[in-house]
Amino acid sequence: MISLQSGGRPAAFGSARDDAVGGFQLKLEPSASSSAPLSLLPFKGRDSHHEVVDEEAHLTLAHKLYKSGNYKQALEHSSAVYERSPQRTDNLLLLGAIYYQLQDYDMCIAKNEEALRLQPRFAECYGNMANAWKEKGDIDRAIRYYLVSIELRPNFADAWSNLASAYMRKGRLNEASQCCRQALALNPLLVDAHSNLGNLMKAQGLVQEAYSCYLEALRIQPSFAIAWSNLAGLFMESGDLNRALQYYKEAVKLKPKFPDAYLNLGNVYKALGMPQEAIMCYQRAVQTRPNYAMAFGNLASTCYERGQVELAILHYKQAIACDQRFLEAYNNLGNALKDVGRVDEALQCYNQCLSIQPSHPQALTNLGNIYMEWNMSAAAASCYKATLAVTTGLSAPFNNLAVIYKQQVKTAELLPGNYSDAISCYNEVLRIEPMAADGLVNRGNTYKEIGRVSEAIQDYIHAINIRPTMAEAHANLASAYKDSGHVEAAIKSYRQALLLRPDFPEATCNLLHTLQCVCCWEDRDKMFDEVEGIIRRQISMSVLPSVQPFHAIAYPIDPVLALEISHKYAAHCSIIASRFALSPFKHPAPLPVKHERGSGRLRIGYVSSDFGNHPLSHLMGSVFGMHNRENVEVFCYALSPNDGTEWRQRTQFEAEHFIDVSAMSSDMIAKLINEDKIQILINLNGYTKGARNEIFAMQPAPIQVSYMGFPGTTGATYIDYLVTDEFVSPTRFSHIYSEKLVHLPHCYFVNDYKQKNLDVLDPTCQHKRLDYGLPEDKFIFACFNQLYKMDPEIFNTWCNILKRVPNSALWLLRFPAAGEMRLRAYAVAQGVHPDQIIFTDVAMKQEHIRRSALADLFLDTPLCNAHTTGTDILWAGLPMVTMPLEKMATRVAGSLCLATGLGDEMIVNSMKEYEERAVSLALNKPKLQSLTNRLKAFRMTCPLFDTKRWVRNLERAYFKMWNIHCSGQQPHHFKVAENDFDCPYDR
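Each residue of the sequence shown is one higher than the last, beginning at 1 in UniProt numbering.
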């Protein structure tokens, strides 16, 4: 399972670092700094007449209130002094300090400038103005004022210390260190300088030296909150969260209005898994400093992680209001807005972030994710590549770019070779994060998709070792085991995935399919009920069902539900098609076909990934060359590359036009089909491996037809007809098909045995039972279907038959081998002797057909009939017993039997009749021998094996479809007769 990774989910923006600047706190993170006590002159008494005494009393009280932190009342008394004596420089200095603490930095600067006009060499004023300019963000101006202050007063230790903090803000660490040491040389008891020097040591990685500096500050002044906070920061970064918590608490206890310490205390609580306490700390930080952007950001992130997304959105907006260049807040606000479906607003946030910093990697990645969700894969890829041009240290853009490469391969926007690009991207993910279990699973998925299953298994196992509770890794490992034939290991891994995540639809459905493949029927009914519930819920939620249409045809589920599954998959193909953003195709004019050889012929296109060594080519190999070229022009579009087999070469040679489109994108294939002016386009894949149904969703031809590859409805509005027959798809069952039904005469299921397998009829080429370890003296029932087509009901019926027919045996295939043990055990439990169950390996096609004749009677599986196998055994002269149900795949064998002319003797209508017919034929050898002899005799004359006759009937169907189209009618059900005058050569 593959998902996009976000470029930075909402998360804490970082911790504050406490750099003392005369009690001032500095952080390297982009947040505002806390206030700092400024330089004040010592109080000096004045003349003692009445007014002056009142003035001195006000000034004395103002100093006292300032030192106690009561700045507003201090302002009242200092202002009273200013009204009486505006030229008192000592009061102007105090006023500036008060305004600084009230965060009115402009007034702080103004009062210090007034003092300087009166006393131009007032060093303390320059120092305090520098502090104010630093708070306003003008660090260069602050440095200039600190230098003036020091020039006027070289032994001004506080100025040296504050200059150090300014240099730190600029990253000029060597100069900052020199200033700190100069400050301490002038005043060894200057705790601010000790603390700042500690921060400088920490920045250089000298953690022990930093620790000593903080301790020295606390030795001098145990109540120095900033040193406690900085000491806590050391322990936080070392992972000692409990001690960090203790020291941050001490810092805020000593200095209750300490916003940075509250921010960091909140971060510690968050790291300890105590989000409510973290939120309280962040709230205290913004109460103390209302414009504290970082605190609002961390508050928002914590709310987001608790699922309070709307509250997180509010706080992110508050963070941005405090700092309109807060990049991470824009990015994280975008993520939160996207999560609540406000995608357009999220897009604005990412773009705002990028307008400030065009190379912001997280915003670029998240913008790419939006484009991906809008099916704009090219724009998304551009964003991810832009991210990687800035940094290769993020795994998300590599991961997401890999997803695009894989998606483009699957939808054939790129060549299959681009899977290697996806793998390269995942390799980069794992370079950045070697322990990234998700990256390992995603790379494993890619390996699995290109057939490198052993490497996929290694990646899944590695992911599980890193994160044993990762249910997806266990489920994907199970799928890889299943693909490599390790079915028991697959079952174990699926069950482990479901233990970890009981509500895991894909794992539940895949486990059921795997159990079905090896006839593990414990709790089968319960599991099918559960899976049906999953499917119905997914359909109601417009989610692509976890059961694929091809699996649904062999499941005992409601045919209407199977139609709904197909409909959802068809809609998904339409979504894929929409990504190509093609304009609707113009189709050939609906004009009656001229019947001269040339451009006037009916142009038929066959699309398949199975032109090669595949059952479809085994069955249809002669069809493409048998079309009447006087009336029909055939185009074969191969979705798979040349496999080098005779089957591929034969189709290439015999088809009038054979085009290998395997290296083309789906939209280009659709364009080619349209340019070829195809009038009727046939989908030979349906929902089988290698299909590209999005081609049909683009509707490159005016009439589109489903045939052969998928024995069921496509559920697609863009498929007009299903070629079938009256027995397989009776009109009374038309409600379970989305297509209009075209009933061919006899059997819709074509084969090529008369052309390719005549040697089977040669009596000198027959095999003997002894060649396969089959008993010579027993009546042998056989079923060569894959084991997933079996169910407990039919197997119990077979056991009853074996018990009723003396000296009988049942011949099955190891298809797969993992089912053998279970079926033997079931048979024994039903009272069947172990020797009565015989398994052989799967054989090559020719040998399989020849050896089929060694059995006496074929027993079909009602749940999903023998299709290709049915034609195999009938051509071998082996009669069968079959019971049709309702779905298409349950009725094919009956149609095959009818087309031999002997259907009534082989088709039954109930399980009771099934058992009785099999027993009757086995016990009445003359009756069975008569049936067998007639079947063998009819092989060369019956409609089932008359391929040329079948092709002519198919052409009649094609002409009927086209004539309906030309007359302006909508597609509708119709039946093809062998004297149908819609076909030119019937006239």
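Even glycine gets a Cβ: it sits at the ideal position worked out from N, Cα and C.
- Message: Per DSSP, what are the beta-bridge partners of R603 in this structure?
- Response: E633
- In chain order, what residues of the same chain lie with their CB nearer than 6 Å to the CB of Q182, ignoring the 5 residues before and after it? W160
- Item | Cβ pair count under 8 Å reaching 3, the region 859-870 against the region 545-556 | yes
- Task: Below 6 Å CB to CB, which residues in the same chain sit around I220 once its five sequence neighbours on both sides are set aside?
- Result: L189, V191
- Query: How about the region 885-895 and the region 909-924: do they share at least three Cβ pairs that are nearer than 8 Å?
  - Reply: no
- Message: On the CB-based measure, 16 or more other CB atoms within 10 Å of its CB, does F727 come out buried or exposed?
- Response: buried
- Query: How big is the Cα-Cα spacing for A436 and I673?
  - Reply: 44 Å
- Query: In the structure shown, what three-state DSSP assignment does D725 receive?
  - Reply: strand
- With a Cβ-Cβ cutoff of 8 Å, do A285 and G266 count as a contact? yes
- Query: Can you pull the DSSP bridge partners for A744?
  - Reply: Before going further, note that residue 744 is Leu rather than Ala in the sequence given. Looking at the DSSP assignment, L744 forms a beta bridge with D725.
- Run of the alpha helix (DSSP H) containing A193, from where it starts to where it stops: 191-203
- Message: Quick check on DSSP: helix, strand or coil for H657?
- Response: strand
- On a CA-only basis, which of Q516, E905, A166, V881 is nearest N199? Give me that one, please. A166
- Message: I'd like the list of long-range same chain contacts for G773, defined as Cβ closer than 8 Å, with 5 residues on each side in sequence excluded.
- Response: I838, T840
- Item | When G451, F653, S609, K317 are compared against S622, the one with the closest alpha-carbon | F653
- Any idea what DSSP makes of A638, helix, strand or coil? strand
- First and last residue of the alpha helix (DSSP H) that includes A825? 820-829
- Query: Shorter than 8 Å from the beta carbon of L561 to some beta carbon of chain B?
  - Reply: Going by chain labels, chain B is absent from the structure shown, which holds only one protein chain.
- Query: When the Cα atoms are used, what is the spatial distance from A225 to K249?
  - Reply: 10 Å
- Query: Count the other CB atoms within 10 Å of the CB of Q699; is the residue buried (16 or more) or exposed (fewer)?
  - Reply: buried
- Query: Around the Cβ of I356, are there at least 16 other Cβ atoms within 10 angstroms (buried) or fewer (exposed)?
  - Reply: exposed
- Where does W374 fall in DSSP's three states? coil
- Item | Reference E506, options E209, Y637, A475, closest by Cα | A475
- Where S608 falls: helix, strand or coil (DSSP): strand
- Using only alpha-carbon positions, find the residue among D946, V881, F945 that is nearest to L921. V881
- Message: What residue range does the beta strand (DSSP E) around A552 cover?
- Response: That residue, A552, is in no beta strand (DSSP E); its alpha helix (DSSP H) goes 549-552.
- Item | DSSP state of L308 mapped onto helix, strand, coil | A small correction: the amino acid at residue 308 is Gln; Leu does not occupy that position in the sequence shown. If DSSP states are grouped into helix, strand and coil, Q308 belongs with coil.
- Task: Just confirm the distance between the C-beta atoms of I849 and N757, as a whole number of angstroms; I'd bet it's less than 8 Å.
- Result: 6 Å
- Item | Whole-angstrom C-beta distance between Y721 and E739, which should lie under 8 Å | 5 Å
- Task: Using a threshold of 8 Å, state whether the C-beta atoms of L928 and L857 are closer than that.
- Result: yes
- Starting from V705, follow its DSSP beta bridges and name the residues at the other end. I682, Y721
- Could you check where the alpha helix (DSSP H) with S68 kicks off and where it finishes? That residue, S68, is in no alpha helix (DSSP H); it is neither H nor E in DSSP.
- Touch check for the region 641-655 and the region 964-979: three-plus C-beta pairs under 8 Å? no
- Message: Would C108 and A123 be called neighbours here (beta carbons separated by less than 8 Å)?
- Response: no
- Query: Beta carbon of H618, beta carbon of C636: below 8 Å?
  - Reply: no
- Query: When you compare only the Cα positions, how much space is there between P943 and L902?
  - Reply: 11 Å
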